[in-house]
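Numbering (our numbering), first residue to last: 1054 to 1201.
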């Protein structure tokens, strides 16, 4: 998916969230810079996502840690979870989602639209079929499906 299509998809989704009175706010450039100072260069599509939905995203992904102010905990908990289960933490890993403390999504590559990897407690790391933009599209489609 090209960048313009990705941005348009998220902006259309924001309209859906706002209709439901969902508070939606993205990260500032300073916040994105702070993240990159701490974790290294982040993928362009991920930064776009954060710039639009990184601070608050209504009820999207409710119950799952994905927001800017949760990223340190997401990364620390993912590393701890892997360590506790004898899984070697991949070099360059950046975790962007933690679900209920037992399942994490992350990327290893720092290209514009990286592959998404998954680690669930008690299992091995899995390379998903999703690029980051595909994952966001699938989550938006799932959200929309259950809102009807």
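In this text, a Cβ means the ideal position worked out from N, Cα and C, and glycines have one as well.
Every beta strand (DSSP E) stretch that sits fully inside the stretch 1161-1188 and reaches 3 residues is listed by chain position as 1168-1173 and 1179-1184. In this model, residue 1187 and residue 1193 are separated by some 10 Å (Cα to Cα).
Residues 1107, 1108, 1109 and 1110 of the same chain have their beta carbon placed closer than 8 Å to that of residue 1120, with the five preceding and five following residues left out of the count.
Under the DSSP assignment, residue 1120 falls outside any alpha helix (DSSP H); it carries neither an H nor an E label. Residue 1155 places its beta carbon 7 Å or farther from that of residue 1169. For residue 1113, there is no enclosing alpha helix (DSSP H), since its DSSP letter is neither H nor E. With at least 16 other beta carbons inside 10 angstroms of its own, residue 1157 counts as buried. For residue 1070, the enclosing alpha helix (DSSP H) has its first and last residue at 1056-1072.
Put simply, of 1185, 1066, 1159 and 1196 the residue whose alpha carbon is nearest the alpha carbon of residue 1054 is 1185. At the C-beta level, residue 1136 and residue 1127 stay beyond 7 Å of one another. DSSP places residue 1150 outside any alpha helix (DSSP H); the residue lies instead in the beta strand (DSSP E), whose first and last residues are 1147-1152.
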